[in-house]
Structure formats: structure tokens, C-alpha cells
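Here is the structure we will look at, set down as C-alpha cells.
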Amino acid sequence: MGSALLVAAVIGAAIAIQVGIVGRTGERFNLLAISTVLQMGGLAAGIVWIAVRSGWGEVAAIARLWWWFPLGVVGWLLVAGLGFASTRVGVATALAIAVTSQLGVGLVIDSGEGVRLGAQSLLGLVFLVAGTVLVTTRP
Numbered sequence: 058m059g060s061a062l063l064v065a066a067v068i069g070a071a072i073a074i075q076v077g078i079v080g081r082t083g084e085r086f087n088l089l090a091i092s093t094v095l096q097m098g099g100l101a102a103g104i105v106w107i108a109v110r111s112g113w114g115e116v117a118a119i120a121r122l123w124w125w126f127p128l129g130v131v132g133w134l135l136v137a138g139l140g141f142a143s144t145r146v147g148v149a150t151a152l153a154i155a156v157t158s159q160l161g162v163g164l165v166i167d168s169g170e171g172v173r174l175g176a177q178s179l180l181g182l183v184f185l186v187a188g189t190v191l192v193t194t195r196p
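Here the numbering used here is used: the sequence shown runs in plain steps of one and ends on residue 196.
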């Protein structure tokens, strides 16, 4: 569990850096073009990883499931959307709202899948909402 938490923390930091860079670059270039280039980089990394692991059969099996395509489109829009929001409200505010929303929806999904949630889960969401209010409130 410890390594999974570390991976999540590193990914969170990488997302914040990426959102900041995308937002600044979006002042010069179209955010959808930036998102396209980022997706191409991700595709290149994925192809190398799959080639090393000989995972083309898995890719073919997943590609037959139609709903992965719209999820890819959503991923493309996420990058552009966070870049858009960060240039207008700041990286911290954009990410605070995004993460709070993710946690709320994540709790609903977990609950629907039978994951037992206690009062501490809801309290965590309340604290995150409070933190988001503090971060987004301008002096």
C-alpha cells in the first residue's frame, strides 16, 4: 500500500506541473492542439511499453470494447479543460475543485460497487470541500 500511495503522490505532483505548463502554453497555442500533442506523447510511451511487454493482444482485446474510445476523448478534453481553467482561476484553484469533485464522485462509485464507506470517508470529503473553499476564496 505504501508504494501505491507514493505513486499517487508523485502522479498528483506531475498533474499539477502539467496543468501549470499547459495553462501557460495555452496563452500562445490552442489548448486542444496542446492536448493532442500530449496524447501523442502518451501514445508513444504506451507503444514502447506494450512492445517491451508483448501486450498487443491485450490492446486488441480492449480496442474491441467501444466505450474505451469515448474515455480517451474525455482524457484529451481533461488536459485542455484543466489548462483552460488554470489560466483563469489559477492552478491551485482548478486542481482543488477537480480533486474535490473526483473524491465525491469516487465515493459514490465505490459505494455503488459495494465498498464499505464509513463516516471518516464523508468527513474526508467535508474537509476537502472546506479546503477547496479556503483555497478558492480570494482575500
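All C-beta atoms in this analysis are idealised placements derived from N, C-alpha and C, irrespective of residue type, glycine included.
{"Query": "Helix, strand or coil for PHE184, going by three-state DSSP, please let me know.", "Result": "helix"}
{"Query": "In three-state terms, what does DSSP make of VAL76?", "Result": "helix"}
{"Query": "Give the single residue among TRP125, PHE126, TRP124, VAL156 whose Cα lies nearest to the Cα of LEU139.", "Result": "VAL156"}
{"Query": "Do PHE141 and LEU88 have their beta-carbon atoms positioned less than 7 Å apart in this structure?", "Result": "yes"}
{"Query": "Relative to the alpha-carbon of ALA137, which residue among VAL76, ALA65, ALA66 has its alpha-carbon at the smallest distance?", "Result": "VAL76"}
{"Query": "Mark VAL79 as exposed unless 16 or more other C-beta atoms lie within 10 angstroms of its C-beta, in which case mark it buried.", "Result": "buried"}
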